[in-house]
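At position 7 of the sequence shown the residue is numbered 27 (the numbering used here), and the sequence of numbers has no breaks. A virtual CB, placed ideally from N, CA and C, is assigned to each residue, including glycine. So the structure is just underneath, and the comments pick up after that.
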Amino acid sequence: MHNLRVDQLRRPNMPIHSIDEDDFEVPTRATQNDRLEVRDLESALRRLPDEQREVLLLVALEELSYGEIAATLGIPVGTVMSRLARGRERLRLLMEDRPSGANLRVVR
């Protein structure tokens, strides 16, 4: 911007264009894979043990604290924490093992 301003001062007849928000298109990310990712996540969640899935969903979706979850489920807070840690780890592993969508075979 500094260099542009210096150029404008050197050449006063250089046209100046205002920058309006309407002049630019804001790039948006592609959303084609979102549906597939949600389907894969649902499938992975179904493969979790019930105890891990319920704690994971109470934290992630309901945004409950560990104490609230412990009171709701009637379990100690430490059990909530361990189930959550195990559930997150297992979910991560399940999501990493998911197929890439295309079944490609190696041709020699």
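Can you give me the C-alpha to C-alpha distance between residue 27 and residue 59, rounded to a whole angstrom? If you take the alpha carbons of residue 27 and residue 59, they lie about 55 Å apart.
Residues near residue 65 by beta carbon distance below 8 Å, same chain, minus five either side: Excluding its 5 nearest sequence neighbours in each direction, residue 65 has C-beta neighbours in its own chain below 8 Å: 73, 76, 77, 111, listed in chain order.
Should residue 90 and residue 97 be called a contact, given that it needs their Cβ atoms to be closer than 7 Å? For the pair residue 90 and residue 97, the CB atoms are nearer than the 7 Å cut-off.
Closest residue to residue 71 among 31, 30, 108, 57 (Cα-Cα distance): Among 31, 30, 108, 57, the Cα nearest to that of residue 71 is on 108.
Can you look up residue 108 in the DSSP assignment and give me helix, strand or coil? It is helical.
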